[in-house]
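K.L.:
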Amino acid sequence: MTSISDEQTAIIRTERGLSIAGTRITLYDIMDYVTAQYPPKFIRGLFDLTEEQINAALAYIEANRATVESEYQMVLKDAEELRLYYEEKNRDLIARIAAQPPKPGEEAIRAKLQAAKAKFKSQP
Numbered sequence: 002m003t004s005i006s007d008e009q010t011a012i013i014r015t016e017r018g019l020s021i022a023g024t025r026i027t028l029y030d031i032m033d034y035v036t037a038q039y040p041p042k043f044i045r046g047l048f049d050l051t052e053e054q055i056n057a058a059l060a061y062i063e064a065n066r067a068t069v070e071s072e073y074q075m076v077l078k079d080a081e082e083l084r085l086y087y088e089e090k091n092r093d094l095i096a097r098i099a100a101q102p103p104k105p106g107e108e109a110i111r112a113k114l115q116a117a118k119a120k121f122k123s124q125p
C-alpha cells in the first residue's frame, strides 16, 4: 500500500484501488453515490464513515476529479464485463433453476418475486 494524501493518510491506494484508510471502502464505491448526487450525510451514513473520512474522500475526489473519474470508468467497464461473462457462463443453470416448480409453501413468495421482476422490467 502506498499513501496518496500528503497531509494525512486518509486515502490510500490498495490492490482494490483508491480506498479510505482503515476501511475496505473504495472511492469508486463513493463515486456511485456522488455521481447520483446523493448528499454527503447520506453517503456517510450508508458506509458508516466518520465525518473526517467522508470529508477526506470527497475532498480527494474533488481535487483529483479527472484521475478518479478515469479510474471509476475503468472499474464500471470491468464490472460490466464480469457481469456479462458470468451471466453467459451461468445462463443454462439460471434457466434450469427458474423452470423448477416452487417448493410447497413457497408459491406466494414466488408469485410476489415474479410480480416485482415484471414491474422492474417495465420501468424505463
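Heads up: the sequence shown begins at 2 in the working numbering, then just goes up one per residue.
We put the CB at the ideal spot given by N, CA and C, even for glycine.
None of the values given here were measured: they were computed from a predicted structure.
#1: So what's Leu-19 in DSSP terms, helix, strand or just coil?
#2: In angstroms with no decimal places, state the Cα-to-Cα distance between Ser-20 and Thr-51.
#3: Closest to Leu-77 by C-alpha separation, out of Ala-58, Leu-28, Phe-121, would be which residue?
#4: Could you give the DSSP three-state label for Ile-5: helix, strand or coil?
#5: Considering only the beta carbon of each residue, do Glu-72 and Gly-18 sit closer than 8 Å?
#6: Use the C-beta contact count for Ala-99: other C-beta atoms within 10 angstroms, 16 or more gives buried, fewer gives exposed.
#7: Return the chain-ordered list of same chain residues with a C-beta closer than 6 Å to the C-beta of Ile-26, the five sequence neighbours on each side being excluded.
#8: Using the rule of at least 16 other Cβ atoms within 10 Å of the residue's Cβ for burial, across every protein chain shown, is Ala-64 buried or exposed?
#9: Whole angstroms is fine: what's the gap from Lys-120's alpha carbon to Ile-62's?
#10: Quick check on the burial criterion: 16 or more other C-beta atoms within 10 angstroms. Buried or exposed for Met-75?
#11: Got a sec? Which residues, its chain only, sit under 6 Å from Arg-45 by beta carbon, not counting five neighbours each side?
P.N.:
In terms of the structure at hand:
#1: Three-state DSSP puts Leu-19 in a strand.
#2: 14 Å
#3: Leu-28
#4: Low per-residue confidence applies at Ile-5: pLDDT is 45, beneath 50, and the placement is therefore not dependable enough to give any value.
#5: yes
#6: exposed
#7: The residues are Phe-48.
#8: exposed
#9: 36 Å
#10: exposed
#11: Ile-55
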